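Worksheet: one structure, shown below.
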Amino acid sequence: MPRYSEKRIEDFLDNDISGFYDACDRMDAGASPAEGIAWIRETHGERWAEMLAYYFDNFLDSLTGTIPGMRVLVHDIKTAGLGVW
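Numbering of the sequence shown is given in this note's numbering, commencing with residue 4 and proceeding in unit increments.
Structural data, given as structure tokens:
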């Protein structure tokens with residue numbers, strides 16, 4: 004049985020409801036995961052902060068492997084002088 008319902012996951016991925024993508028943007032800009040969780044807790048509530056913490060605790064499980072062609076694409080982007088993360 005999944006930990007979260009499809010509806011809850013859908014809501015989590017709706018930035019207007021959970022703030023998930025805003026929190027990710029903050030972390031891409033240098034905030035720590037703990038700061039991202041605290042920000043979600045303050046702005047969107049405990050239920051979304053708890054879900055973000057679960058996401059971080061299990062992040063490796065969300066990675067499904069390499070996407071064909073991406074290694075070459077990243078190399079080409081770096082060669083062109085653009086930043087990647």
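Using N, Cα and C, we set each Cβ at its ideal position, and we do this for glycine too. The model shown is predicted, which means the values in this text are computed figures rather than measured ones.
For a quick check, are the C-beta atoms of residue i and residue j less than 8 angstroms apart?
{"i": "residue 40", "j": "residue 52", "result": "yes"}
Using only CA atoms, which one of the options lies nearest to residue i?
{"i": "residue 21", "options": "4, 46, 35, 81", "result": "46"}
{"i": "residue 5", "options": "81, 26, 57", "result": "57"}
{"i": "residue 49", "options": "15, 80, 72, 65", "result": "15"}
{"i": "residue 25", "options": "7, 44, 11, 75", "result": "44"}
Measure how close the beta-carbons of residue i and residue j come, nearest whole angstrom, since I'm counting them as under 8 angstroms.
{"i": "residue 55", "j": "residue 23", "result": "7 angstroms"}
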